[in-house]
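Note sheet for the following structure.
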Amino acid sequence: MKRKHTTLIAAALTLAITSSCSNSNSVTPAEKLISQIETGIQNKVVMFGHQDDPVYGHAWKYEANRSDVLETVGDYPAVMGWEIGGLELGDSESLDGVPFDLIRTEIAKQHARGGINTMSWHTYNPKGGDSWNEEAGVVTSISEGGENYDMFQERLGIVADYISTLKDSNGELIPIIFRPWHEHDGNWFWWGNKWCTHDEYRQLWDMTYKFMEDHGLNNIVWCYMPAPGDQVAKTPPCEQFDMVGFDEYQRKGDTEKYKADMIEKIDMLKEYSKKYNKPITISETGSESLTTENWYTKVLLPVIKDEPISYVLLWRNAWDKPEHFYCSYKGHSSEDDFRKFIESPTVITAKEVVKYTQK
Ligand code: BMA
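Residues are numbered in my numbering as their position in the sequence shown, beginning at 1, plus a constant of 81.
Structure representation (structure tokens):
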């Protein structure tokens, strides 16, 4: 399915919101973005995304206007991912050391260049430690009546306040694809499968969703990560999520397993997409250190190119951990292959987003 140079955006943004469970008549920033993704992107192209792209990269940090992607392919990613873990504690920097003021500035810059922003939240454990400090009972402790309820309401308040400051130059709220409580099908976070019941998970989502709604935030596009089997019971009500996504990484050189898992998860998402009428994303992926030759064009591209995926986001290039990178950078042996991937008719970067999302 070649999409890039075919008919450009027949259906521009319409006032009708296509989500099957929306009953609102006015268009919010979130609804506008969902509509743009549904009518302009999905089934036409896949937006390329990268975590923390313009704030640091392989072996550099906080150098204005730098980006490993820009330096390799000549444009910024269509989607930029931001991590807000630590915000809820009142910290000034994310757990990956990025100042929240800088993230706010970069979100506005990305929006101004026509790109899209998404946020992950590796939420600190309210009982102590970080999000990987997994243990039972934390989810119930922050729900109504729990001993950490008040504390967590305050933490949600800090996050809500921050999201309410994400504005463009006209003072309008910038839409954010928010994907809290991610990877819940595993057990490595305190909200993971082993640590709360399906009902408790749904209540956690419900509380978070309603909190942001009650704070009048109409710029959040909620991205839920479905899981197969009995975990289907965790799915929030249709009106509480707008997109479905999954995270999947290649472990070591195991390309065959990665491809098989990707295909299986994409198929699962397509089922969800059909049932709930929600666009699809691969919200995190990559192969750490890029040790497989031509990984982009031989492994990732074949899996995504004929699928209705709105964006695929590669995880971060840590500035302080030389082996912790997922995206090519100038001088890395995968550079040419990455360029070919980006130049493929399927994949778009920041400059091209507007062409697909507006008339
Ligand atoms: C993980 C790693 C960590 C990072 C965390 C949150 O996958 O990249 O180094 O702190 O994500 O961004």
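C-beta: ideal position from N, C-alpha, C; glycine also.
Whole beta strand (DSSP E) elements within the segment 153 to 235, 3-residue minimum: With a minimum length of 3 residues, the continuous beta strand (DSSP E) runs that stay inside the segment 153 to 235 are 160 to 164 and 197 to 201.
Using a Cβ-based criterion (distance less than 7 Å to any ligand heavy atom), does residue 202 qualify as near the ligand BMA? Incorrect: residue 202 has no Cβ contact closer than 7 Å to the ligand BMA.
In whole angstroms, what is the alpha-carbon distance linking residue 176 and residue 166? Approximately 6 Å between the Cα atoms of the pair.
Between the Cα of residue 190 and those of 267, 383, 269 and 250, spot the shortest distance and give me the residue it belongs to. Distances from the alpha-carbon of residue 190 to those of 267, 383, 269 and 250 put 250 closest.
Burial state of residue 143, where buried means 16 or more other Cβ atoms lie within 10 Å: Taking every protein chain shown into account, the CB of residue 143 has fewer than 16 other CB atoms within 10 angstroms, so this residue is exposed.
So residue 419 packs on residue 240, CB below 8 Å; how close in whole Å? In this structure residue 419 does not touch residue 240 by the C-beta definition: roughly 33 Å separates them, more than the 8 Å allowed.
Among residues of its own chain, excluding the 5 on either side of residue 409, which ones have a beta-carbon nearer than 6 Å to its beta-carbon? Result list for residue 409: 153, 415, 416 and 419, in chain order.
8 Å Cβ cutoff met for residue 372 and residue 281: Between residue 372 and residue 281, the C-beta gap is not smaller than 8 Å, which leaves the two residues out of contact.
Who are the Cβ neighbours of residue 225 in its own chain at under 6 Å, not counting the five residues just before and after it? Counting only residues of its own chain and dropping the five nearest sequence neighbours on each side, residue 225 has no CB closer than 6 Å to any other CB.
In this structure, does DSSP put residue 339 in helix, strand or coil? Of the three classes helix, strand and coil, the one that applies to residue 339 here is helix, per DSSP.
Own chain partners of residue 87 with C-beta closer than 8 Å, once the 5 adjacent residues on each side are dropped: Here residue 87 scores only 41 on pLDDT, less than 50, and its place in the model should not be relied on; the value that follows carries that caveat. The residues 125, in chain order, have a CB closer than 8 Å to that of residue 87 in the same chain once the five nearest residues on each side in sequence are set aside.
Name the two residues that bound the continuous beta strand (DSSP E) containing residue 303. Taken as a continuous stretch (DSSP letters only), the beta strand (DSSP E) holding residue 303 covers 301 to 305.
Residue 140 to residue 403, Cα distance in whole Å? The C-alpha of residue 403 is placed about 7 Å away from the C-alpha of residue 140.
Buried or exposed for residue 214, please, with buried defined as at least 16 other CB atoms from any protein chain shown within 10 angstroms of its CB. Per the 10 Å Cβ criterion, exposed.
May I ask you to check if the CB of residue 399 is nearer than 7 Å to at least one heavy atom of the ligand BMA? With a cut-off of 7 Å, the C-beta of residue 399 is classified as near the ligand BMA, since at least one heavy atom of the ligand falls inside that distance.
Where residue 338 and residue 345 are concerned, what is the direct C-alpha to C-alpha distance, given to the nearest angstrom? Here the alpha carbons of residue 345 and residue 338 stand approximately 10 Å from one another.
Confirm the yes/no value for this check: CB of residue 174, any heavy atom of the ligand BMA, distance under 7 Å. Answer for residue 174: no, Cβ out of range of the ligand BMA.
Could you tell me the alpha carbon to alpha carbon distance between residue 254 and residue 393, rounded to whole angstroms? In this structure, the alpha-carbon of residue 254 lies about 24 Å from that of residue 393.
Does DSSP classify residue 365 as helix, strand or coil? Residue 365 falls in the strand class under three-state DSSP.
Taking all protein chains shown into account, do 16 or more other C-beta atoms lie within 10 angstroms of the C-beta of residue 234, making it buried, or fewer, making it exposed? By the 16-neighbour rule on beta-carbons within 10 angstroms, residue 234 is exposed.
Quick one: grab the DSSP three-state call for residue 353. DSSP places residue 353 in helix when its eight states are reduced to three.
To which residues of the same chain is residue 151 closer than 6 Å at the C-beta, ignoring the five residues directly before and after it? Taking residue 151 as the centre and dropping the five residues before and after it, the same chain places the C-beta of 157 closer than 6 Å to its C-beta, in chain order.
Nearer than 7 Å: is that true of the beta carbon of residue 272 relative to any heavy atom of the ligand BMA? Not so, every heavy atom of the ligand BMA lies at least 7 Å from the Cβ.
Here's a check: name, in chain order, each residue in its chain whose Cβ is nearer than 6 Å to the Cβ of residue 200, leaving out the five neighbours to either side. Only residues of its own chain outside the window of five on either side were considered, and among them 163, 165, 257 and 259 have a CB closer than 6 Å to the CB of residue 200, listed in chain order.
Tell me where the beta strand (DSSP E) around residue 283 begins and ends. Counting along the chain, residue 283 falls outside any beta strand (DSSP E), though it belongs to the alpha helix (DSSP H) covering 279 to 295.
Three or more C-beta pairs closer than 8 Å, one from the segment 327 to 342 and one from the segment 293 to 302: is that the case here? Output reads no: the segment 293 to 302 does not touch the segment 327 to 342.
For residue 244, collect the residues of the same chain with a Cβ closer than 6 Å to its Cβ; drop the 5 residues on either side in sequence, then sort them by chain order. Excluding sequence neighbours, residue 244 sits near 298.
Put residue 401 into one of helix, strand or coil per three-state DSSP. DSSP places residue 401 in coil when its eight states are reduced to three.
How would you label residue 364, buried or exposed, when you count the other beta carbons within 10 angstroms and need 16 or more for buried? A residue is called buried when at least 16 other Cβ atoms come within 10 angstroms of its Cβ; residue 364 meets this threshold and is buried.
Taking the beta carbon of residue 309 as the centre, do at least 16 other beta carbons fall within 10 Å, making it buried, or is it exposed? Looking at its Cβ environment, which holds fewer than 16 other Cβ atoms inside 10 Å, residue 309 is exposed.
Backbone secondary structure at residue 438 - three-state DSSP: Residue 438 falls in the helix class under three-state DSSP.
Given the structure, does residue 405 come close to the ligand BMA, in the sense that its CB is under 7 Å from one of the ligand's heavy atoms? Yes; taking the cut-off as 7 Å, the Cβ of residue 405 has a heavy atom of the ligand BMA nearer than that.
Would you kindly check if the distance between the Cβ of residue 325 and the Cβ of residue 370 is under 8 Å? Annotated as distal: residue 370 and residue 325, with beta-carbon spacing of 8 Å or more.
So, under 8 Å CB-CB, residue 174 and residue 181 are touching, yes? Tell me the CB distance rounded to an integer number of Å. Between residue 174 and residue 181 a beta carbon distance of about 7 Å is seen, short of the 8 Å cut, so the two are scored as contacting.
With DSSP collapsed to three states, give me the class of residue 91. The predicted model places residue 91 with a pLDDT of 35, which falls under 50 and marks its position as unreliable; any figure quoted below should be read in that light. In the displayed model, residue 91 falls within coil according to three-state DSSP, outside both helix and strand.
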